[in-house]
Amino acid sequence: MTFSDNAYQAFVAFEKSAWVEMSTHYDSIAGQMTRQAVSPILDAVGIRVGLTMLDVATGPGYVAAAAAGRGAKPVGVDFSPEMIAGARRMFPDLELEQGDAENLRYRDASFDAAACAFGMLHFPRPGKALAEMRRVVRPGGKVVYTIWSTPTKDHLFGTIREIVLKHADLSLATVPSGPGAFMLSDPLVSTALMDAAGLTEIDVEEVPCYFDVRTPQDILGFLNHCSPRVLPVFRAQTEETRGHIEQALVNEGTKVMAVAGSRLPCPILLVSGVVP
Ligand SMILES: C[S@@+](CC[C@H](N)C(=O)[O-])C[C@H]1O[C@@H](n2cnc3c(N)ncnc32)[C@H](O)[C@@H]1O
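Sequence positions in the sequence shown follow my numbering and run 3 to 278.
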């Protein structure tokens with residue numbers, strides 16, 4: 003996909019301002035889900051004592067912190083100063099830097115592995131970010147990313163999207179165009195992207211993940227604090243429509259809580275490859 007300069011800048015500005023806002027509640031709301039990807043990612047990169055690893059779009063630093071806990075030498079990079087500040091508060095000993103996934107400052111082949119947990123769906127040019135991860139990893143090293151499964155399998159995002167789309171007048175919202183949030187959720191698209199980046203031994207695996215619904219407001223809370231693409235659509239609606247959406251999401255939370263387990267499946271796609 004190619005972007006005009008203006009569209010590219012608009013998408014980057016949109017994502018940057020979203021991650022200022024999302025940084026406040028990310029750990030308490032989205033963290034419970036994205037942390038479930040940490041162990042599968044570390045297994046996929048072949049974590050070991052001394053492994054040097056880049057955690058791209060590190061956010062609160064979950065992957066990098068767990069890697070350090072297993073004796074590896076991680077560096078976490080994220081373009082949001084607010085997310086980096088949050089990661090520093092939680093993990094003061096981690097090596098963390100501000101930087102753009104599509105323009106990494108590191109030398110070629112300077113890491114044993116690179117991982118990116120749930121960042122690829124936020125980059126304007128995910129192929130460029132993947133090529134950068136491949137470039138900084140030495141031959142034989144692993145490049146791994148995770149993204150969410152399609153909304154048909156992902157009951158959290160699926161429910162939010164379905165309810166918002168049912169009530170919203172889309173003409174009221176302006177969301178800058180960019181790659182679809184679920185574009186890479188098609189295993190064939192992810193495989194093609196890895197292949198185009200020159201990675202070999204490509205593997206795409208589905209890993210279970212769940213969103214625990216502890217109060218009827220939790221799904222609405224996820225929309226309000228952790229849904230950068232859908233939130234502007236919701237906010238652009240009339241007060242009456244927003245009320246309908248809020249009520250429908252609270253009803254959905256109540257329904258989920260009535261069922262044993264009180265959680266929504268939101269499976270993860272774990273995509274991995276080897277630098278030849
Ligand atoms: C969904 S969060 C994932 C955070 C963390 N990896 C996790 O698993 O919880 C996406 C992260 O991508 C970061 N991000 C978005 N675009 C970026 C870019 N172009 N370069 C670096 N980081 C970016 C955001 O600041 C945010 O911290």
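Glycine included, each C-beta is placed from N, C-alpha and C at the ideal position.
C-alpha distance - residue i paired with residue j, whole-angstrom precision
| i | j | result |
| --- | --- | --- |
| residue 173 | residue 179 | 14 Å |
| residue 116 | residue 53 | 10 Å |
| residue 3 | residue 127 | Confidence at residue 3 is low in this model, with a pLDDT of 48, below 50, so the placement of that residue is unreliable and no value is reported for it. |
| residue 209 | residue 37 | 12 Å |
| residue 25 | residue 205 | 31 Å |
| residue 270 | residue 241 | 34 Å |
| residue 133 | residue 10 | 18 Å |
| residue 8 | residue 104 | 17 Å |
| residue 162 | residue 171 | 15 Å |
| residue 248 | residue 222 | 6 Å |
| residue 101 | residue 169 | 38 Å |
| residue 243 | residue 165 | 11 Å |
| residue 255 | residue 64 | 27 Å |
| residue 150 | residue 120 | 7 Å |
| residue 278 | residue 136 | 9 Å |
| residue 276 | residue 48 | 11 Å |
For residue i, the nearest candidate out of the options (CA to CA)
| i | options | result |
| --- | --- | --- |
| residue 233 | 58, 272, 177, 66 | 177 |
| residue 250 | 83, 100, 167, 153 | 167 |
| residue 197 | 129, 51, 76 | 129 |
| residue 158 | 17, 35, 26, 16 | 35 |
| residue 153 | 27, 266, 277 | 266 |
| residue 73 | 92, 18, 96 | 96 |
| residue 51 | 71, 32, 67, 40 | 71 |
| residue 231 | 191, 66, 124 | 124 |
| residue 44 | 191, 137, 57 | 57 |
| residue 86 | 226, 277, 187, 18 | 18 |
Beta-carbon spacing of residue i, residue j below 7 Å
| i | j | result |
| --- | --- | --- |
| residue 218 | residue 252 | yes |
| residue 258 | residue 215 | yes |
| residue 112 | residue 21 | no |
| residue 114 | residue 143 | yes |
| residue 118 | residue 59 | yes |
| residue 106 | residue 78 | no |
| residue 29 | residue 62 | yes |
| residue 201 | residue 139 | no |
| residue 39 | residue 148 | yes |
| residue 183 | residue 235 | no |
Check: residue i C-beta below 6 Å from any heavy atom of ligand 1
| i | result |
| --- | --- |
| residue 213 | no |
| residue 7 | no |
| residue 119 | yes |
| residue 99 | no |
| residue 103 | yes |
| residue 275 | no |
| residue 134 | no |
| residue 203 | no |
Jot down the residue ranges of each uninterrupted alpha helix (DSSP H) in the segment 92 to 175, minimum 4 residues, whole runs only, in chain order.
If only complete runs of 4 or more residues are kept, the segment 92 to 175 shows the alpha helix (DSSP H) at 128 to 138, 157 to 169, in order along the chain.
What are the start and end residues of each continuous alpha helix (DSSP H) run of 4 or more residues lying completely inside the segment 40 to 91, in chain order?
Counting only runs of 4 or more, we get 40 to 47, 64 to 71.
Going along the chain, which unbroken runs of the beta strand (DSSP E) with 3 or more residues stay wholly within the segment 244 to 271?
Counting only runs that start and end inside the segment 244 to 271, the beta strand (DSSP E) elements of at least 3 residues fall at 265 to 267.
Those runs of the alpha helix (DSSP H) which lie wholly inside the segment 166 to 246 and span at least 4 residues
For the segment 166 to 246, whole alpha helix (DSSP H) runs of length 4 or above, ordered along the chain, are 189 to 198, 220 to 228, 233 to 237.
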